[in-house]
Amino acid sequence: MKTLILCLVLGLVAALQSQALPAPEENIDLTGMWYLKATASDKEIPGLDLRSMSVTPMTIKTLEGGNLQVNFTVLIEGRCKKINIVLEKTDVPKKYTAYGGTQEVYIVPSAVVDHFLFFWINNIQGEHYLIAKLVGRDRDLHQEALKDFQNAVKAGGLNTESILIPRQSETCPLGSD
């Protein structure tokens with residue numbers, strides 16, 4: 034199963050790179066604030082209802098060696114959860130790992146300036162999940178970026194009907210953790 038998902042993601046990355054885009058730089062600067070604009074998954078994740086999710090902007094910091102530290106807060110079922118992830122750079126361009134290698138992350142530039150596509154291959158409770166995310170530098174959802182994301186989701190073998198647009202929040206509301 035993991036091999037199938039990896040083949041889908043690598044095929045998707047190749048398809049996106051073959052678009053009429055300038056060759057992406059090897060060391061793209063992802064440092065700064067980013068907004069999660071859309072997400073899609075190949076299956077539901079146990080204990081997580083993405084439809085009711087609210088997210089704060091995420092902050093990405095480049096660490097020594099090219100690793101990335103990603104911080105954000107998610108409001109799920111009325112409770113705030115702070116997420117801190119270190120994405121470890123690999124020898125494969127655009128590929129990172131997280132959580133001791135149990136997750137693989139591919140970061141691909143979108144056809145729209147200041148937007149990126151994150152493809153996560155997750156192993157949660159023995160199940161494999163493919164999650165695609167569209168992130169951008171500003172809060173607004175640009176229709177061109179969403180269209181690019183829909184094409185990438187379709188190319189990756191995911192159903193475009195699984196695309197969810199999370200609610201944006203600058204901070205977690207009072208009364209939550």
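Counting from 1 along the sequence shown, just add 33 to a position and that's the residue number in the working numbering. Every residue gets a Cβ at the ideal spot worked out from N, C-alpha and C, and that includes glycine. Keep in mind that this is a model prediction, so the values were computed, not measured.
Check, Outcome
"Test item: CB-CB of Thr64 and Thr89 under 8 Å", "no"
"Proximity below 8 Å, CB of Gly213 to CB of Leu163", "Given a span of 34 to 210 for the chain in the structure shown, any question on residue 213 remains unanswerable."
"Residue from Ile93, Asn192 and Asp171 whose Cα sits closest to the Cα of Val145", "Asp171"
"DSSP three-state assignment for Asn184, whether helix, strand or coil", "helix"
"Where Glu110 falls: helix, strand or coil (DSSP)", "coil"
"Buried/exposed call for Tyr139, threshold 16 Cβ in 10 Å", "buried"
"As assigned by DSSP and simplified to three states, the class of Gln136", "strand"
"Distance, Gln176 Cα to Asn156 Cα", "31 Å"
"Per-residue DSSP class, three states only, for Gly98", "helix"
"Beta-carbon separation (whole angstroms), Ala28 vs Thr72, contact threshold 8 Å", "Outside the modelled stretch of the chain, which goes from 34 to 210, sits residue 28, for which no answer is possible."
"Nearest candidate by alpha-carbon position, reference Asp75, set Asn104, Ser202, Pro199 and Thr193", "Thr193"
"When Leu69, Cys205 and Ile61 are compared against Ile196, the one with the closest alpha-carbon", "Leu69"
"Straight-line gap, Trp67 to Gln158 (C-alpha atoms, nearest Å)", "28 Å"
"Distance between Val141 and Phe152 (C-alpha atoms, nearest Å)", "8 Å"
"Assigned secondary structure, Ala178 (DSSP; H/G/I helix, E/B strand, else coil)", "helix"
"Host beta strand (DSSP E) of Ser74 (start-end)", "Gly65 to Ser74"
"Of the residues Leu174, His161, Glu137 and Gly133, the one placed nearest Asp147, counting alpha carbons only", "Leu174"
"Spatially closest choice to Glu160 from Ala178, Gly169 and Gln136, by CA coordinates", "Gln136"
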